[in-house]
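S.K.:
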């Protein structure tokens with residue numbers, strides 16, 4: 009068989025020229041100038057089975073490449089490349105900030121008495137100020153006055169502390185209770201502030217308040 013090199017048409021073996029395009033002669037007597045075969049001409053050229061198989065595989069490959077990716081087809085995403093800036097490493101959570109509480113610690117410091125500088129802590133609740141004779145007291149002023157001049161009653165005054173405020177009241181003492189030289193009477197409560205001076209009998213005490221922060 010003779011295949012035309014111009015239009016690729018398969019001619020009979022006895023054909024002298026291409027019976028389709030008539031532009032090529034197989035005997036070599038006269039060769040016409042061949043034009044490039046058109047897309048229509050090439051489309052009509054029959055292909056053998058091997059060529060058809062190759063074309064079919066290429067067509068299927070192109071179809072798969074051009075087909076849009078359906079939702080759900082991607083079963084696993086590729087991990088981001090190192091240094092790409094798109095990775096999101098897990099960040100360990102820091103411990104929650106601990107809260108703090110301020111605790112006030114008031115105390116009375118002797119500024120006039122037999123033992124100047126002695127201190128008495130004021131605790132939460134009631135604090136009885138006086139002298140321990142028959143019953144104990146919370147703030148014992150025994151020995152703070154001269155023996156010949158003891159003016160402090162056994163239960164002289166009472167301090168109340170609720171954790172924030174210090175109150176003082178007289179407990180029907182014989183010689184009275186004074187705050188900054190101002191007398192307070194039984195049943196009358198007076199708020200004490202830092203550096204206030206309380207006089208019980210002949211003893212004078214100054215209120216000192218310190219603060220401490222504790223974690224809760």
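Residue numbers (the working numbering): 9 to 224. Don't be surprised by glycine CBs; every beta carbon is placed ideally from N, CA and C.
Leaving aside the five residues before and after residue 127 along the sequence, list all residues of the same chain whose C-beta is less than 8 Å from its C-beta, in chain order.
M.R.: Here the set comprises 115, 116, 117, 118, 216.
S.K.: Taking contact to mean 3 or more Cβ pairs, one atom from each stretch, closer than 8 Å, check whether the stretch 150-157 and the stretch 207-215 are in contact.
M.R.: The stretch 150-157, when compared against the stretch 207-215, does touch it at the 8 Å Cβ threshold.
S.K.: Thinking just about the alpha-carbon of each residue, which of 123, 189, 173, 196 is nearest to the one in residue 180?
M.R.: For residue 180, the nearest C-alpha among the options comes from 196.
S.K.: Nearest-angstrom Cα distance between residue 194 and residue 168?
M.R.: Cα to Cα, the separation comes out at about 14 Å.
S.K.: Would you identify the three-state DSSP class for residue 122, choosing helix, strand or coil?
M.R.: Coil, per DSSP.
S.K.: Ordered along the chain, which non-local residues of its own chain (more than five positions away) have a Cβ less than 7 Å from that of residue 183?
M.R.: Answer for residue 183: 159, 209, listed in chain order.
S.K.: Based on the DSSP secondary-structure assignment, which residues constitute the bridge partners of residue 169?
M.R.: Paired residues: 133, 174.
S.K.: Considering only the alpha carbon of each residue, which of 192, 33, 166 lies closest to residue 134?
M.R.: If we check each option's Cα against that of residue 134, 166 comes out closest.
S.K.: Quick one: using the 10 Å Cβ neighbour count with 16 as the cut-off for buried, is residue 77 buried or exposed?
M.R.: Because the pLDDT of residue 77 is 49, which lies under 50, any placement of that residue in the model is unreliable, and the number read from its coordinates should be weighed accordingly. That one is exposed.
S.K.: I think residue 162 touches residue 139, with their Cβ atoms under 8 Å apart; what is that distance to the nearest whole Å?
M.R.: Sure, about 5 Å apart at Cβ, within 8 Å.
S.K.: Are there 16 or more other CB atoms within 10 angstroms of the CB of residue 224, so buried, or fewer, so exposed?
M.R.: Exposed.
S.K.: Within 10 angstroms of the Cβ of residue 164, are there 16 or more other Cβ atoms? Answer buried if so, exposed if not.
M.R.: So residue 164 counts as buried.
S.K.: For residue 176, which option in 22, 113, 137 has the closest C-alpha, if you only look at C-alpha atoms?
M.R.: With distances taken between Cα atoms, residue 176 lies closest to 137.
S.K.: What do you get for residue 20, buried or exposed, if any count of 16 or more other CB atoms within 10 angstroms of its CB means buried?
M.R.: Exposed, because fewer than 16 other Cβ atoms sit within 10 Å of the Cβ of residue 20.
S.K.: Go to residue 190, then tell me how far its beta strand (DSSP E) extends in each direction, as first and last residue.
M.R.: Counting along the chain, the beta strand (DSSP E) containing residue 190 begins and ends at 190-192.
S.K.: In this structure, what does DSSP give as the bridge partners for residue 110?
M.R.: BP columns for residue 110 point to 221.
S.K.: Classify residue 198 as helix, strand or coil using the three-state DSSP reduction.
M.R.: Three-state DSSP puts residue 198 in a strand.
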